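Asks:
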Amino acid sequence: MRGILEELLWFVAGKTDSKLLTDRGVHIWDGNGSRAFLDSRGLKERREGDLGPVYGFQWRHFGAEYTHCDDDYSGKGVDQLAEVIDKIKSNPTDRRIILSAWNPKDLSLMALPPCHMFCQFFVSQRRGAEKPLLSCQMYQRSCDLGLGVPFNIASYALLTHMIAHVTGCEADRLTLAMGDAHVYKDHVEPLKTQLQRRPRPFPKLAFKRRIPDIDSFKTDDFEVQGYDPCPAIKMAMSV
284 MRGILEELLW
294 FVAGKTDSKL
304 LTDRGVHIWD
314 GNGSRAFLDS
324 RGLKERREGD
334 LGPVYGFQWR
344 HFGAEYTHCD
354 DDYSGKGVDQ
364 LAEVIDKIKS
374 NPTDRRIILS
384 AWNPKDLSLM
394 ALPPCHMFCQ
404 FFVSQRRGAE
414 KPLLSCQMYQ
424 RSCDLGLGVP
434 FNIASYALLT
444 HMIAHVTGCE
454 ADRLTLAMGD
464 AHVYKDHVEP
474 LKTQLQRRPR
484 PFPKLAFKRR
494 IPDIDSFKTD
504 DFEVQGYDPC
514 PAIKMAMSV
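Last residue of the sequence shown? That's 522 in this note's numbering, and every number before it is there in order.
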């Protein structure tokens, strides 16, 4: 769970340097940020770890010209995440509360084009509810059912809770629309094992303090209650 949270906070901060995650013990982007992988993508001028204008850059600086991961992009491009939060607060019935990581102009500059690429937020009212309800629908073009999708479910659930927290809403539903859903051959046997298990009750998420804005979340602010996972099943990530 910590790796999911660390990556999400890295996205929210608009970061694109995988070494920042590696330094915190999170290695999910090591393969895609390696020298060999970047070279295979034709990104030989990039230093190792520089993933290009991937998720966080598009969320916070959509349309800005990308140079390298160590540059300062403050005030550049469209801050889609800030706009999402502003619309939820000021115009919650807006049908354009959208966050997109898919930018055709920048795809060739990315170490890996976005798999989870687009989401839309909806605010609703339920009779008897104290707060407005915030739901998220996410579209994922490429869906690794063994490793990627479970990771992404947790990540977008966390993001929905975070946005709900700073907009005075209550997180409600997360809906995934999948494009190419696939199982890698070396994941078949591990997934057969997983299918034999009985699901356990979902945990609850709580925040330890009142967080004023989306940029103020820290790893220690999150408390997962009642998390009782089954033993881990090892699966290799395809790079």
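C-beta: ideal position from N, C-alpha, C; glycine also.
Just so you know, these numbers come straight off a predicted model, no measurement behind them.
State the DSSP-derived secondary structure class of Y439, mapped to helix, strand or coil.
Replies: For this step, residue 439 is matched to residue 156 along the sequence shown. Of the three classes helix, strand and coil, the one that applies to Y439 here is helix, per DSSP.
Asks: Span of the alpha helix (DSSP H) holding R318?
Replies: On the sequence shown, position 35 is the one that residue 318 refers to. It spans R318 to S323 - the alpha helix (DSSP H) in which R318 sits, taken as one unbroken run.
Asks: Hey, could you find the ends of the alpha helix (DSSP H) Y338 is sitting in?
Replies: As a working note, residue 338 is residue 55 in the sequence shown. Unbroken alpha helix (DSSP H) run through Y338: Y338 to H344.
Asks: Three-state secondary structure (DSSP) at A519?
Replies: Residue numbering aside, residue 519 sits at position 236 when the sequence shown is read from its first letter. A519 falls in the coil class under three-state DSSP.
Asks: Closer than 7 Å by C-beta to Q508: which residues in its own chain qualify, once you throw out the five before and the five after it? Chain order, please.
Replies: Locating residue 508 in the sequence shown gives position 225, where the first residue counts as 1. Correct list, in chain order: P486, K487 and A489.
Asks: Per DSSP, which residues does C419 bridge with? Please list them.
Replies: In the sequence shown, the residue the question calls residue 419 occupies position 136. Answer is F404 and L457.
Asks: How long is the line joining the alpha carbons of G297 and L291, rounded to whole angstroms?
Replies: In the sequence shown, counting from the first residue as 1, residue 297 sits at position 14. In the sequence shown, counting from the first residue as 1, residue 291 sits at position 8. One C-alpha to the other measures close to 10 Å.
Asks: Would you call the region 347-365 and the region 399-411 in contact, with 3 or more CB pairs under 8 Å?
Replies: Because the criterion of three Cβ pairs below 8 Å is not met, the region 347-365 and the region 399-411 do not touch.
Asks: Going by alpha carbons, who is nearest to G241 out of G316, H399 and K475?
Replies: Outside the shown range of the chain, which is 284 to 522, sits residue 241, and nothing can be said about it.
Asks: If you count every other CB in all the chains shown that lies within 10 Å of the CB of Y523, and 16 or more means buried, which is it?
Replies: Since the first and last residues shown for the chain are 284 and 522, residue 523 lies out of range.
Asks: Among P336, R483, W342 and L441, whose alpha-carbon lies nearest the alpha-carbon of Y349?
Replies: Within the sequence shown, numbered from 1, the residue matching residue 349 stands at position 66. Of the listed residues, the one whose Cα sits closest to Y349 is P336.
Asks: Can you name, in chain order, every residue of its own chain whose Cβ lies under 7 Å from the Cβ of M445, other than the five neighbours on each side?
Replies: Start at 1 with the first residue of the sequence shown, and residue 445 comes out as number 162. If we look at M445 and ignore the five residues flanking it on each side, its Cβ neighbours are I497 and F500.
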